[in-house]
Structures are given as C-alpha cells and as structure tokens.
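Right, one structure below, let's go through it.
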Amino acid sequence: MTEHTAGIVANPASGRDIRRLVAKASVFPTAEKANMVQRLLTALASVGVTRVLLSTDLGGISAAVLRALRTRRDPWPAVEFCDADPLTDSAQDTTNAVGRMRAAGAKVIICLGGDGTARVAAAACGEVPLLPLSTGTNNTFPQLREATVAGLAAGLVATGAVRATRRASVLEVTAGERTELALVDVCGSSSPYVGSRALWEPAQLTELYCTFAEPDAIGLSSVAGQLCPSPREEPQGVALRFAPPGQARWVVRAPIAPGLVVPVGVRDCRVLPVGETVELEPCGVVAVDGERELELLDGRPASIRLRADGPHCVDVTAALTEAASLGLLTEERNVNDDGHLAHTRSARP
C-alpha cells in the first residue's frame, strides 16, 4: 500500500500574548488544540493519509493526543511524534518539528497557531504545502476553519488527489546582517524597544507594508484593507504611511486587535509592486506580522522588498470544490427495483 504522510505542528503558546490585557481576544485552551488535532487525524485518515508526524510540546497538546491514541474509536493514520529534538518552549520547537516533517517525506504540513507561528512554519516548510489554522491572537494569515474540513482538504493534497495550492507573497525586511520574512505585514514603530513585542498603540506607528489587505481582516492590515483592498490571491501588496488623526488625509476606524477598534490616521496609501525595494524611514523598531522584531539602534537603516515566492498554501475551498467535481468524496450506488444494492462506483463524471 502506498504511504501518504502529513505533518501537524501545534503551538501550545499561541493565543496567550499581552494583547489579552488590552483587548478581548479569544483564548484557545490546550484541550481545544488537542481536540483539533484529533479531528484532523480523523479527516486525514478518511481520505487516505496513512502516516502523520506530530510535534511534541510542554503544554500538554501532544500528551492529550497520546492518551487519545489508546482509547480512540475513529480510524486514524499511524501517528509518530517528533521528539528527537530537546524542547525549548520557543519558536525553535516549531522550526525543528517542521524540519523533521520535511525530512520524513510529509506532503503537507498543518500548522495550528497565529500569524507568528505561521511565519515560523512557512520559513521552515520549503516547497511542502502549508495549511495554517487559527489558534492565535491576530489570525490574519491562518484560516479560520473547522479542523475536520481543513483536514479533508489537506489530506487530498497530501495524497495527490488534488493540487489546490497557491503561492503566497512575502515581505523581506533586511536590517544589517539580519533578514526576516513576513507573511502579512511589516510596520515601522517609534517605540525604542522590542519589549512585549505586541503592537496596539497607533500613535507609535510610522509606515506599513502588506502582502495583502482584506477589508474583513484583523490587525494592522485592516487599515490598508479599508483604503486600498488587495486580495491575498494577487501578488502585489499595499504600502501606506501613518499620520496623527488631526493631520491625516484619512482616519480609519480599524480593528487592529480583537476587541480593539481605534481611529488610525493615514497620510497616503498606494499599491506595492512585486520586486520593489523600499527604504524605511528612521524609526525605533520594525514589527513583523504584528510583533516587534528588529531594533534599529543608532539609526540603522532597514529595507523592505515584496517577493512572490512565499510558501505554497493549501486552498481549502478550491481543494474541496475540485474533490466535488471529481466525485472523490462521493460514491454512487446502483439500487435495484427491489431495494437491493447492485453495485457501487465513484461518482466521477
């Protein structure tokens, strides 16, 4: 029997940052993350995935799945835990797990976390398709999907039954010898320190660059989404500069964090073409996907470039639409006049 392998990495720390002190962000407890993994396993098995590599953690997710393995009723793929690397309770755990999954032949990697977790996984997944699911604070890049449905789409991609993936754009930000990639946005801030990392004070923001800008998004990209919408399916992005509301051309009431809708002043906004390199105005720190990441000490310059060669991402809607057109999840039954089953066949046209 052909072996079809998928990977699942779940961040136990996602959805627990300081923004819960200043906003009303949702919380994804460990039990729900473990339940999501179990629903993924059921869905993956139903479409032919035979082997799943699962990350380990200190938060109790992998332990809960291990206990469920002993009592489960649903058929699951063979589950192997990525436990060869020592746990650090940091982003390095995600990097290590995704690297192990790639080396073991995973054909798709499902990532449970927020924008930050998806960014780490995307940097490590190479050409393996990624399906990020929302369990974080700002969930702009990860999809808010029921795990069962997402698991069906991921499994169909892992087995090669469908090819419903698209390539995401990324922002490359360089400061000195350090380079970071952003899946959603890069923002300059007058704050002098990384500190708690999270951004929630618009008065400190100087400029923003987005890979995409959707009007219904959460986070900083929602500002651009109201002024210059740009769907994630398109390669170009958006660039804008902030201004105090009293001096701004536009004032946007933007949901910059869950439960936090504030007026944000914008001086100008434009399309950001693929390949364009922009020098950031002097600022204190640069935030990557909503988290302060780079301190620009002593006026150190930083530049940003939009690239179209980001991670391959599973398109759940496209995957299940293709499955419907091919009849992959449907069995046509031929019933005799007396009500007995004559034979079955796939409903493919």
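Be aware that the sequence shown starts at 7, since it is given in our numbering, and climbs by one per residue.
Backbone N, C-alpha and C fix where the C-beta goes; we use that ideal spot for every residue, glycine too.
Decide yes or no for the touch test of the stretch 272-290 against the stretch 164-173: beta carbon pairs closer than 8 Å, at least 3 of them. Because the criterion of three Cβ pairs below 8 Å is not met, the stretch 272-290 and the stretch 164-173 do not touch.
Leu335 - DSSP class collapsed to helix/strand/coil: Coil, per DSSP.
Whole angstroms is fine: what's the gap from Thr217's alpha carbon to Pro279's? So the alpha carbons of these two residues sit roughly 10 Å apart.
Is it right to say Thr336 is buried, meaning 16 or more other beta carbons lie within 10 angstroms of its own, or is it exposed? Thr336 comes out exposed.
Which residues in the same chain as Asp321 place their Cβ atom closer than 7 Å to its Cβ, once the five residues preceding and following it in sequence are excluded? In the same chain as Asp321, and ignoring 5 residues on each side of it, the C-beta atoms closer than 7 Å to its own belong to Ala170, Thr171 and Arg172, in chain order.
Tell me, to the nearest whole angstrom, how far the beta carbon of Ile224 is from that of Thr146; I am working on the premise that it is less than 8 Å. The Cβ separation is near 6 Å, so the contact holds.
Where in the stretch 145-226 do unbroken runs of the alpha helix (DSSP H), each at least 4 residues long, occur, reported from the N-terminal end onward? Runs found: 153-164.
Our contact map puts Ala160 next to Leu137 with C-beta atoms below 8 Å; I'd like the distance itself, whole angstroms only. About 5 Å separates the two Cβ atoms, so the contact holds.
Per DSSP, what kind of secondary structure is Asp274 in: helix, strand or coil? In this structure, Asp274 counts as strand in the three-state DSSP scheme.
Helix, strand or coil: how does DSSP classify Leu137 here? Correct three-state label for Leu137: strand.
Which residues DSSP lists as bridging Ile115, in chain order: Bridge partners of Ile115: Gly13 and Leu136.
Specify the secondary structure class of Ala308 as computed by DSSP and reduced to three states. Ala308 falls in the coil class under three-state DSSP.
Within a Cβ cutoff of 6 Å, which residues of the same chain sit near Gly66, ignoring the five residues on either side of it in sequence? Residues Thr36 of the same chain have their beta carbon placed closer than 6 Å to that of Gly66, with the five preceding and five following residues left out of the count.
Stretch-stretch touch, CB-based, cutoff 8 Å, three pairs: the stretch 173-188 with the stretch 307-316: Yes: at least three Cβ pairs fall under 8 Å.
Return the bridge partner residues of Arg259 from the DSSP annotation. Beta-bridge partners of Arg259 (DSSP): Pro269.
DSSP three-state assignment for Glu285, whether helix, strand or coil: In the structure shown, Glu285 falls within a strand segment according to DSSP collapsed to helix, strand and coil.
Should Ala293 and Cys131 be called a contact, given that it needs their Cβ atoms to be closer than 8 Å? No; because the gap between Cβ atoms is not below 8 Å, this pair is not in contact.
Beta-carbon proximity list for Thr180, same chain, < 7 Å, skipping 5 on both sides: Excluding sequence neighbours, Thr180 sits near Ala308 and Ser309.
Assuming the contact rule is C-beta atoms closer than 8 Å, Leu246 and Glu213 should be a hit. Round their C-beta distance to whole Å, please. Their Cβ separation, rounded to whole angstroms, is 7 Å, which keeps Leu246 and Glu213 in contact under 8 Å.
Considering Pro122, what are the terminal residues of the beta strand (DSSP E) in which it resides? Inspection of the sequence shows that residue 122 is occupied by Gly rather than by Pro. Looking at the DSSP string, Gly122 is not in any beta strand (DSSP E); the run it does join, the alpha helix (DSSP H), is Asp121 to Cys131.
Spatial distance of Lys113 from Thr11 (CA atoms): In a straight line, the C-alpha of Lys113 is about 6 Å away from that of Thr11.
Classify Arg238 as helix, strand or coil using the three-state DSSP reduction. The three-state reading of DSSP puts Arg238 in coil, since its state is none of H, G, I, E or B.
Among the residues of its own chain, which have a CB less than 6 Å from the CB of Arg311, if the five just before and after it don't count? The beta carbon of Arg311 is closer than 6 Å to those of Glu178 and Thr283 in its chain, skipping five residues each way along the sequence.
Rounded Cβ spacing between Leu118 and Lys39 (contact assumed at less than 8 Å): A Cβ-Cβ separation of about 6 Å places Leu118 in contact with Lys39 under the 8 Å criterion.
Identify whether Ala353 lies in helix, strand or coil by the three-state DSSP scheme. Per-residue confidence for Ala353 stands at a pLDDT of 46, beneath the threshold of 50, marking its modelled position as unreliable; no derived number is given.
Are Arg108 and Val126 close, meaning C-beta to C-beta below 8 Å? Cβ atoms of Arg108 and Val126: not closer than 8 Å.
Determine the direct distance from the alpha carbon of Leu302 to that of Arg45, and round the result to whole angstroms. Annotation: Arg45 to Leu302 spans about 44 Å, alpha carbon to alpha carbon.
To the nearest whole angstrom, what separates the beta carbons of Ala51 and Pro81, a pair I think is in contact under 8 Å? Indeed, because the Cβ distance is near 5 Å, the residues count as touching under 8 Å.
Starting from Ala84 and walking both ways along the beta strand (DSSP E), at which residues does that stretch end? Element bounds for Ala84: Ala84 to Cys88.
Pull up the distance between the alpha-carbon of Val267 and that of Pro221, whole angstroms please. Looking at the two C-alpha atoms, the distance is approximately 14 Å.
For Thr154 and Ala16, what's the separation of their Cα atoms in angstroms? Those two C-alpha atoms are separated by around 15 Å.
With distances taken from CA atoms, which of Val55, Leu60 and Gln253 is nearest Met42? Answer by Cα proximity: Leu60.
Name the DSSP beta bridge partners of Ser61, please? Beta-bridge pairing links Ser61 to Cys88.
Ends of the alpha helix (DSSP H) at Val71? Element bounds for Val71: Ile67 to Thr77.
By the DSSP assignment, the alpha helix (DSSP H) with Val53 in it spans what residues? From DSSP, Val53 is part of no alpha helix (DSSP H); its letter is neither H nor E.
Cα-Cα separation between Glu240 and Val277, rounded to whole angstroms: If I take the Cα positions, the gap works out to 11 Å.
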